[in-house]
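Numbering (the working numbering), first residue to last: 21 to 370.
All remarks here apply to the structure that follows.
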Ligand SMILES: Cc1ncc(COP(=O)(O)O)c(C=O)c1O
């Protein structure tokens with residue numbers, strides 16, 4: 021995001037700078053970080069997080085990888101909804117687990133989950149469902165009913181749901197985002213992974229949290245060697261606490277601006293790239309653009325070469341992403357307009 025960091029985070033980091041306090045993070049910061057997350061989760065989603073059920077680690081992907089290696093065996097099937105944030109695909113492969121795709125479907129132009137396909141993949145032997153909620157890159161936010169069905173299916177087929185909710189604070193106000201662990205019965209079948217890193221734009225500071233309400237699962241994560249599971253930085257711990265406890269006003273402002281950006285992107289595309297497909301996302305600052313009508317094998321490469329705009333290549337998000345690109349619109353209106361203009365020129369000269 022191209023916006024100045026939230027004032028409470030800046031102030032806290034300045035204090036660390038003035039005190040030259042750059043040592044290791046506290047040996048086990050889960051109570052402080054867990055309490056801060058719990059306060060935010062209660063106020064924002066009515067979700068009661070027990071700080072004692074948390075595990076603090078370096079980042080969300082580390083949390084996901086540790087869940088895959090701790091709760092699944094080599095070769096076990098892990099389901100994801102493609103197109104999907106590419107490190108999910110890499111993590112599953114690198115951990116030696118088996119990737120199973122349950123692609124999103126586009127109904128009435130918008131993305132949705134295919135619950136029948138998901139049930140079939142669970143029935144066929146899945147061990148873990150790596151849910152991205154809200155979904156990167158599509159911005160899809162599931163309904164409470166869909167989440168309840170996921171819990172039901174997970175219980176029926178003995179699947180663990182690992183729910184990456186790092187984009188949840190970036191859900192636009194017209195949509196209700198329900199944390200999975202708030203759904204009845206989810207404590208038995210799910211763990212959540214989150215961080216203030218995306219919403220407050222501090223991923224380089226390195227701190228994330230796993231919430232595991234099931235005592236055996238929580239203990240299994242705590243029992244991992246500290247060198248493997250920790251890795252949070254002291255600045256990340258302080259910044260996450262500041263974000264969760266004092267960052268709501270900044271985030272509301274930023275979301276208001278991003279709300280304008282997601283709609284402005286629709287206007288710009290209609291004017292300059294009328295054959296592009298785009299659904300205004302319910303969450304996040306990512307535009308997931310269907311450029312297949314422009315007939316290029318790799319539209320992202322053409323946009324970079326000819327337009328000097330770096331968008332993510334949809335093919336990296338799995339096969340359903342071929343011909344699509346992901347555009348980050350968390351910038352100024354002027355830059356967004358320039359980006360789309362350059363993209364249009366690049367695609368037209370094809
Ligand atoms: C869905 C999702 N999960 C995880 C991450 C990465 O988080 P971290 O840097 O904490 O591993 C991102 C980053 O964009 C993301 O979009």
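We put the CB at the ideal spot given by N, CA and C, even for glycine.
inquiry  = Please determine whether the Cβ atom of residue 223 lies at a distance below 6 Å from any heavy atom of ligand 1.
reply    = On the chain shown, position 203 is the one that residue 223 refers to. Answer for residue 223: yes, Cβ within range of ligand 1.
message = With three or more C-beta pairs closer than 8 Å as the rule, is the segment 181-197 touching the segment 144-160?
response = yes
task = Could you check what DSSP says for residue 98 in three-state terms: helix, strand or coil?
result = Looking up residue 98 in the chain shown gives position 78. It is a strand residue.
request  = State yes or no: is the C-beta of residue 210 nearer than 6 Å to some heavy atom of ligand 1?
outcome  = Indexing the chain shown from 1 puts residue 210 at position 190. No, Cβ of residue 210 sits at least 6 Å from all heavy atoms of ligand 1.
inquiry  = ligand 1 and residue 333: does the residue's C-beta get closer than 6 Å to at least one heavy atom of that ligand?
reply    = Here residue 333 corresponds to residue number 313 of the chain shown, with the count starting at 1. No, ligand 1 has no heavy atom inside 6 Å of this Cβ.
query = Given residue 102, which residues of its chain have a CB within under 6 Å of its CB, disregarding the five upstream and five downstream residues?
reply = Here residue 102 corresponds to residue number 82 of the chain shown, with the count starting at 1. Excluding sequence neighbours, residue 102 sits near 121, 123, 338 and 340.
inquiry  = Assuming the contact rule is C-beta atoms closer than 8 Å, residue 37 and residue 99 should be a hit. Round their C-beta distance to whole Å, please.
reply    = Numbered from 1 along the chain shown, position 17 holds the residue referred to as residue 37. Numbered from 1 along the chain shown, position 79 holds the residue referred to as residue 99. About 44 Å; that fails the 8 Å criterion.
ask   = At a cut-off of 6 Å, is residue 105 close to ligand 1 when judged by its beta-carbon and the heavy atoms of the ligand?
value = Walking along the chain shown from the start, residue 105 turns up at place 85. Yes, Cβ of residue 105 sits closer than 6 Å to a heavy atom of ligand 1.
ask   = With a Cβ-Cβ cutoff of 7 Å, do residue 80 and residue 253 count as a contact?
value = By 1-based counting over the chain shown, the position of residue 80 is 60. By 1-based counting over the chain shown, the position of residue 253 is 233. Their beta carbons are not under 7 Å apart, which means residue 80 does not touch residue 253 by this criterion.
key: Local conformation of residue 36 per DSSP, three classes   = By one-based count along the chain shown, residue 36 stands at place 16. Helix.
ask   = Should residue 122 be listed as close to ligand 1, given that the test is whether its C-beta is under 6 Å from any heavy atom?
value = Locating residue 122 in the chain shown gives position 102, where the first residue counts as 1. Incorrect: residue 122 has no Cβ contact closer than 6 Å to ligand 1.
ask   = Counting pairs of Cβ atoms below 8 Å between the segment 273-281 and the segment 310-330, do you hit three or more?
value = no
ask   = What number of angstroms, rounded off, separates the C-alpha of residue 274 from the C-alpha of residue 295?
value = Taking the chain shown and counting its residues from 1, the one referred to as residue 274 is at position 254. Taking the chain shown and counting its residues from 1, the one referred to as residue 295 is at position 275. One C-alpha to the other measures close to 29 Å.
ask   = Around the Cβ of residue 142, are there at least 16 other Cβ atoms within 10 angstroms (buried) or fewer (exposed)?
value = One-based indexing of the chain shown puts residue 142 at position 122. By the 10 Å Cβ count, residue 142 comes out buried.
key: Cβ-based neighbour list, residue 207, same chain, cut-off 7 Å, excluding 5 preceding and 5 following   = Mapped onto the chain shown, residue 207 falls at position 187. Closer than 7 Å at the Cβ level, and outside the excluded window around residue 207, lie 201, 233 and 234.
Rounded straight-line distance, which links the Cα of residue 109 to that of residue 96 = Counting from 1 along the chain shown, the entry for residue 96 is found at position 76. Counting from 1 along the chain shown, the entry for residue 109 is found at position 89. Cα-Cα distance, rounded: 14 Å.
ask   = With C-beta atoms as the reference, is residue 26 less than 7 Å away from residue 270?
value = Taking the chain shown and counting its residues from 1, one reaches residue 26 at position 6. Taking the chain shown and counting its residues from 1, one reaches residue 270 at position 250. Yes, the Cβ-Cβ distance between residue 26 and residue 270 is below 7 Å.
message = Buried or exposed for residue 185, going by 16 or more other Cβ atoms inside 10 Å?
response = The residue you call residue 185 lines up with position 165 of the chain shown. When all chains shown are included, residue 185 counts as buried.
task = Report yes or no: do the segment 81-96 and the segment 123-133 share at least 3 C-beta pairs separated by less than 8 Å?
result = no
query = Between the C-alpha atoms of residue 257 and residue 182, what's the straight-line distance to the nearest angstrom?
reply = For the purposes of this step, residue 257 is taken as the residue at position 237 of the chain shown. For the purposes of this step, residue 182 is taken as the residue at position 162 of the chain shown. Going from the Cα of residue 257 to the Cα of residue 182 covers about 22 Å.
ask   = Who pairs with residue 66 in a beta bridge, going by DSSP?
value = Here residue 66 refers to the residue found at position 46 when the chain shown is read from its first residue. Beta-bridge pairing links residue 66 to no other residue.
query = If you run the structure through DSSP and keep just helix, strand and coil, what is residue 194?
reply = The residue labelled residue 194 in the question sits at position 174 within the chain shown. Three-state result, residue 194: coil.
request  = Kindly indicate which residue of 66, 355, 58 and 228 has the alpha-carbon position closest to the one of residue 330.
outcome  = Locating residue 330 in the chain shown gives position 310, where the first residue counts as 1. Ranking 66, 355, 58 and 228 by Cα distance to residue 330 puts 355 first.
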